[in-house]
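What the sequence shown shows, in this note's numbering, is residues 668 to 927, in sequence order.
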Amino acid sequence: MLIAQLSDPHVVAPGSLLYGKIDTGALFAAAVRRVARLSPVPDLVVVSGDLVNEGTAREYARVRELLAPLPMPWQVMAGNHDDREQLRAAFPDQGFGDGSLCCARRMLGDLTLLFLDTTIPGEEGGEIADEQLAWLDRACDPDRDCLLFLHHPPFATGIAGLDTIACSGSARLADWLHRHAEVRALACGHVHRPIFASFAGRPCITAPSVAHQIVCDLSGAPDALAWCREPPAFLLHRWHDGELVTHVLPVDESAAQRYD
């Protein structure tokens, strides 16, 4: 099966530009068109947080409208720019359930997908606290392979400005994972660029943004956090015979040429 992961679109209100420069709505629409044209068609599309930039009802209405052309099911997640109350109101069909967290679980063939809310209202960073761990205990099935999606990666990226708004409680998540071998891999957003790592003995990947990317500044400077116009991209996860392979695909496919 195939799972397309789009991340961090930061959609703004119609007629607005992010930072006065980036047409995030148009970029998200382009990503949706690209995914809709994939062959074979993905079984699910995941939008792994920061759907919008300000958390307003108007922005979420635009996201829903932009997702409408997709011919397959989709799952949205909370990121640090999202508002839980507005997210629930705009997407009542996403299975967030009771409680304050916007977490969800989906069964896809022989695979369980867990979508964990790591956000802290009003803050840029995330956390793995008692509430997140309690939800994971309830949602995880030890008899089924599982993929865990979360917005904030649980590891340090080396980009100092990002690591100051990282995910606290990662050691607690690692302890939980050591007791749950059924969780095969983790996929994250937040970073606005693809990073491949290992966490608690599992593959852990972050998705690029379908809008703008974060500069790969590994200088260690405390203020190392800047955006750039590296090409928008997304992840395509392939689950087959109990193994996961992930591809990074550009939104723009215009350069593709077939071999003669």
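Backbone N, C-alpha and C define an ideal beta-carbon position, used for all residues, glycine too.
Are Leu-892 and Leu-853 touching if we call contact CB-CB under 8 Å? The sequence position of residue 892 within the sequence shown is 225, counting from 1. The sequence position of residue 853 within the sequence shown is 186, counting from 1. No. Outside cutoff.
Compare the C-alpha of Pro-759 against each of Met-739, Arg-731, Gly-746 and Asp-784 and name the closest. For the purposes of this step, residue 759 is taken as the residue at position 92 of the sequence shown. The shortest Cα separation from Pro-759 among Met-739, Arg-731, Gly-746 and Asp-784 belongs to Arg-731.
Beta-carbon within less than 7 Å of Leu-734's beta-carbon, same chain only, minus the 5 sequence neighbours each way: which residues are those? Position 67 of the sequence shown, counted from the first residue, corresponds to residue 734. Here the set comprises Val-699 and Trp-741.
Using a Cβ-Cβ cutoff of less than 8 Å, which residues in the same chain neighbour Gly-792 once the five nearest sequence positions on both sides are dropped? Position 125 of the sequence shown, counting from 1, holds the residue named residue 792. Once the five neighbours on either side are set aside, the close Cβ partners of Gly-792 are Asn-747, His-819, Thr-831, Ile-832, Ala-833, Cys-834 and Ser-835.
Enclosing beta strand (DSSP E) for His-904 [first to last residue]: Position 237 of the sequence shown, counting from 1, holds the residue named residue 904. His-904 -> beta strand (DSSP E) spans 900-907.
List the endpoints of the continuous alpha helix (DSSP H) containing His-845. Residue numbering aside, residue 845 sits at position 178 when the sequence shown is read from its first letter. That run of the alpha helix (DSSP H) goes 837-845.
Secondary structure at Leu-853, three-state DSSP: helix, strand or coil? Translated into positions along the sequence shown, residue 853 becomes position 186. Correct three-state label for Leu-853: strand.
Do you know whose CA, among Trp-894, Phe-866, Arg-869 and Pro-889, lies nearest Ser-876's CA? Counted from its first residue, the sequence shown places residue 876 at position 209. The shortest Cα separation from Ser-876 among Trp-894, Phe-866, Arg-869 and Pro-889 belongs to Trp-894.
Can you tell me where the beta strand (DSSP E) holding Glu-721 begins and where it ends? As a first step, residue 721 is located in the sequence shown; it is residue number 54 there, counting from the start. No beta strand (DSSP E) holds Glu-721; DSSP gives it neither H nor E.
Secondary structure of Glu-910, DSSP reduced to three states: Start at 1 with the first residue of the sequence shown, and residue 910 comes out as number 243. Three-state DSSP puts Glu-910 in a strand.
Going by beta-carbon coordinates alone, are Met-739 and Val-708 separated by less than 8 Å? Position 72 of the sequence shown holds residue 739. Position 41 of the sequence shown holds residue 708. In this structure, Val-708 lies closer than 8 Å to Met-739 by Cβ.
Which of the three DSSP states, helix, strand or coil, is assigned to Gly-692? By 1-based counting over the sequence shown, the position of residue 692 is 25. Helix.
Helix, strand or coil for Glu-752, going by three-state DSSP, please let me know. Numbered from its first residue, the sequence shown carries residue 752 at position 85. Here Glu-752 sits in helix by DSSP.
Assumed close pair Gln-672, Ser-706 - CB separation to whole angstroms, cut-off 8 Å: Walking along the sequence shown from the start, residue 672 turns up at place 5. Walking along the sequence shown from the start, residue 706 turns up at place 39. 18 Å between Cβ atoms; not a contact.
Could you round the C-beta distance between Glu-920 and Arg-701 to whole angstroms and report it? I think they count as a contact, below 8 Å. Taking the first residue of the sequence shown as 1, we reach residue 920 at position 253. Taking the first residue of the sequence shown as 1, we reach residue 701 at position 34. So it is a contact: roughly 6 Å between Cβ atoms.
Measuring alpha carbon to alpha carbon, tell me which of Lys-688, Ala-703 and Leu-694 ends up nearest Ile-670. Along the sequence shown, one-based indexing puts residue 670 at 3. Cα-wise, what sits closest to Ile-670 is Ala-703.
Roughly how many whole angstroms lie between the Cα atoms of Arg-925 and Gly-789? Taking the first residue of the sequence shown as 1, we reach residue 925 at position 258. Taking the first residue of the sequence shown as 1, we reach residue 789 at position 122. Between Arg-925 and Gly-789, the C-alpha separation is close to 48 Å.
Let me know if Ser-767 comes out buried or exposed under the rule of 16 or more other beta-carbons within 10 Å of its beta-carbon. Indexing the sequence shown from 1 puts residue 767 at position 100. Classification of Ser-767: exposed, given that the 10 Å Cβ count is below 16.
In DSSP terms, what Leu-775 is bridged to: For the purposes of this step, residue 775 is taken as the residue at position 108 of the sequence shown. According to DSSP, which records beta bridges pairwise, Leu-775 is partnered with Leu-778.
Local conformation of Asp-812 per DSSP, three classes: Position 145 of the sequence shown, counted from the start, is the residue given in the question as residue 812. The answer is strand: DSSP assigns Asp-812 an E or B state.
Under the assumption that Asp-777 contacts Arg-811 (Cβ atoms under 8 Å), give the Cβ distance between them as a whole number of angstroms. Residue 777 sits at position 110 when you count from the first residue of the sequence shown. Residue 811 sits at position 144 when you count from the first residue of the sequence shown. Rounded, the Cβ-Cβ distance is 7 Å, consistent with contact.
Residue from Thr-786, Ala-827, Phe-866 and Leu-800 with nearest C-alpha to Leu-885: To locate residue 885, count along the sequence shown from 1; it is residue 218. Among Thr-786, Ala-827, Phe-866 and Leu-800, the Cα nearest to that of Leu-885 belongs to Ala-827.
Any idea what DSSP makes of Gln-880, helix, strand or coil? Within the sequence shown, residue 880 is the residue found at index 213, counting from 1. Looking at Gln-880 - three-state DSSP - the assignment turns out to be strand.
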